[in-house]
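With the UniProt record's numbering applied, the sequence shown has no gaps in its numbers, which climb one by one up to 115 at the end.
Just below is one structure, and these are the notes that go with it.
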Amino acid sequence: MLDQSKPVYQRLRDVIANAILDGSFRDGDMLPSVRSLAAEQGANPLTVAKAYQTFQDEGLVTVKRGVGMFVAQGATERLRTLMREDFLANVWPPVAEQMRRIGLDARTLLDLTEA
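Set out below in C-alpha cells:
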C-alpha cells in the first residue's frame, strides 16, 4: 500500500524497502540499476537515484563503483527496526484512536485477520 501523498522518490523508497523486507533482496544482494528500476517503475532515473541515495545515507546499501549497489549486511534487520519505530510513532496512534472511537478491540481485529 503506497501513500500517494508522498513524493515519488519516497514511494520508490517504499517499493525498495518492501522488496528488502519481503526477501526479494537479501543482505548482500545486488539491487537493480537506477536505469532498470526507473524503466520498471516508470520513473525518472534521477528520482530513483534520490531514493537510492536515502538508503545509502542510512547505511542500508553499499556502492561498489563500476559494479552497482548492494544491500548492506544487517540492512534488513535495521530497516525492519526503523520501519517498526515509524509505524509505532506515526501510523499506530491514529489507528488506535479510531479503534477506541468505534469500539473495536484488538482481539476482534485479530480474529478478523485470522479468518
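Just so it is clear, CB atoms sit at the ideal spot from N, CA and C, and this is done for glycine as well.
I'd like to confirm the pairing. Which residues does DSSP put opposite residue i in its beta bridges?
| i | result |
| --- | --- |
| VAL61 | VAL71 |
| MET83 | Partner(s): none; MET83 has no beta bridge. |
| MET99 | Paired residue(s): none; MET99 is not in a bridge. |
Just mark residue i as buried or exposed, buried being the case when its beta carbon has 16 or more other beta carbons within 10 Å.
| i | result |
| --- | --- |
| ALA96 | exposed |
| THR47 | buried |
| PHE87 | exposed |
| ALA38 | buried |
| ARG65 | exposed |
| GLN13 | Here residue 13 is Arg; the residue named in the question, Gln, does not match the sequence. Looking at its Cβ environment, which holds 16 or more other Cβ atoms inside 10 Å, ARG13 is buried. |
Excluding sequence positions up to five away, which residues of its chain have a Cβ less than 6 Å from the Cβ of residue i?
| i | result |
| --- | --- |
| GLY68 | MET30 |
| TYR9 | THR47, LYS50, ALA51 |
Compute the distance between the beta-carbons of residue i and residue j, then report whether it is under 8 Å.
| i | j | result |
| --- | --- | --- |
| LEU60 | ALA75 | yes |
| THR81 | PHE70 | no |
| ALA49 | VAL34 | yes |
| GLN56 | VAL15 | no |
Give me, in chain order, the residues of the same chain whose beta-carbon lies closer than 7 Å to that of residue i; leave out the 5 immediate sequence neighbours on both sides.
| i | result |
| --- | --- |
| GLN73 | ASP27, GLY28 |
| ILE20 | VAL71, ALA75, THR76, LEU79 |
| ARG84 | none |
Once the 5 residues before and after residue i are set aside, which same chain residues still bring their CB inside 8 Å of it?
| i | result |
| --- | --- |
| GLN4 | ARG11 |
| LEU109 | MET99 |
| PRO45 | VAL34, ARG35, ALA38 |
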